[in-house]
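Enquirer:
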Amino acid sequence: MDVIRTAGMDALVEEVLAGGHGPSPDGLTATSVFWAHHGTRLAGGTTTYLNQYVLVRAGAAFGACAFESGELDAGVCGALSGSSLGALLRDPARAVRVAALDAYLAAVRPHRGDPGAEPVTLPAGPPEVRAVARDTAIAGLLDLRRGARVALIGVVDPLVAAIRERGGVPLLCDFRQRATRWGDPVGADMGEVLATADAVVATGMTLSNGSFDTVLAHCRERGVPLVVYAQTGSAVARAFLGAGVSAVSAEPFPFSQFSADPTVLYRYRAGVAEGTVAGDSAAGAAVAEGTVAAGSAAAEGTVAGDSAAGAAVAEGVA
């Protein structure tokens, strides 16, 4: 069920701390706080994707948030494990707060069994196969008229290709990346691409870098559909369905890049402008019995790092 809200992530944290979404987080324990740091370069690719996540486990639920190098150190794992979720929601580090909020919302409303979720099983196989399947599922949330301008906040090259395959014209914005592998220019000014977009696709990492509320406000004000594809804060993004967010591709931990076995992501949709963002069309992704067929590869992420070395940060590269 969509929850209507008018404010952003910090207000959601306050609602949770006040008991507005279930049991008090002060009474729930973060059994484990840990982090993952890994790199991926897909076969035939020229970019190494670097990922760092802080993760919080509360009972059967995990919360996750990507972060930039230097924002946290490994000491948080020992210092915070065993804390209450309430304490983590008050932590000064934004990444810790996002991961704790994600864990809380996933615990009180698990993706598995959510009546609003469409489970999509990514097939077993090597990274390239699983990335293709995941990106087909993400692209399946877009049903664009040909020539529609799509702001992509947090650039991942395969998702650029997937938007084009659906007839969209990508408007690219990233804090670090300045060009795609095909030479498309990538700007750093979010306002510039948001101002002219017919639809917006944003990485969940906007939650971790603090730009989510800005993207959300622009989409609300202009009545533009917003799709969020999220490993970071997958349950947090879901909380804004119908309140500025039109659709979510939620991939809770453990992420597809950490397994060669079948894993599940969950797609959500809210009521949106007809012909802009909707379910799969004949030209969309093929989904049979919950398994995504092959399509364009995409992954969540904001590209960063040393371009000369081909390093980048992109969540969800399998």
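Position one of the sequence shown corresponds to residue 0 (this note's numbering), numbered consecutively onward. Note that CB positions come from ideal geometry on N, CA and C, so glycine has one too.
(1) Taking three-plus beta-carbon pairs below 8 Å as touching, is the region 138 to 156 in contact with the region 167 to 181?
(2) Is the beta carbon of VAL247 sitting closer than 8 Å to the one on ALA229?
(3) How far does the alpha helix (DSSP H) with PRO126 in it reach, from first residue to last?
(4) Between PRO22 and the rest of its own chain, which residues show a CB-CB distance below 6 Å, the 5 nearest in sequence each way excluded?
(5) Starting from GLU117 and walking both ways along the beta strand (DSSP E), at which residues does that stretch end?
(6) My output table needs one value for LEU141: the three-state DSSP class, helix, strand or coil.
(7) When you compare the CB positions of ALA102 and ARG56, do they come within less than 8 Å of one another, or not?
(8) Does ASP134 pass the burial test, meaning 16 or more other C-beta atoms within 10 Å, or should it be called exposed?
(9) Within 10 angstroms of the Cβ of ALA132, are there 16 or more other Cβ atoms? Answer buried if so, exposed if not.
(10) Quick check on the DSSP output: the beta strand (DSSP E) that includes ALA198 runs from which residue to which?
(11) Which first and last residues belong to the alpha helix (DSSP H) in which LEU158 is found?
(12) Would you call the CB atoms of SER245 and PRO224 closer than 8 Å?
(13) Closest to LEU104 by C-alpha separation, out of ASP188, GLY69, PHE61 and SER80, would be which residue?
(14) For HIS20 and VAL95, which I take to be in contact (beta-carbon distance under 8 Å), what is that distance rounded to the nearest angstrom?
(15) Nearest-angstrom Cα distance between THR205 and PHE211?
(16) Alpha carbon to alpha carbon, how far is ALA86 from THR275? Give it in angstroms, no decimals.
(17) Using beta-carbon positions only, say whether SER255 and LEU121 come within less than 8 Å of one another.
(18) For VAL159, collect the residues of the same chain with a Cβ closer than 6 Å to its Cβ; drop the 5 residues on either side in sequence, then sort them by chain order.
(19) Where does ALA96 fall in DSSP's three states?
(20) At which residue ranges does the region 9 to 73 contain complete alpha helix (DSSP H) runs of 4 or more residues, listed in the order of the chain?
Expert: The short version:
(1) yes
(2) yes
(3) 126 to 138
(4) none
(5) 117 to 121
(6) coil
(7) yes
(8) buried
(9) buried
(10) 198 to 202
(11) 156 to 164
(12) yes
(13) PHE61
(14) Going by Cβ atoms, the distance from HIS20 to VAL95 rounds to 19 Å, so no, they are not a contact pair.
(15) 5 Å
(16) Summary for THR275: the model assigns pLDDT 32, below 50, so the residue's position carries little reliability, and this model does not support an answer.
(17) yes
(18) PRO169 and THR179
(19) Here residue 96 is Arg; the residue named in the question, Ala, does not match the sequence. The answer is helix: DSSP assigns ARG96 an H, G or I state.
(20) none
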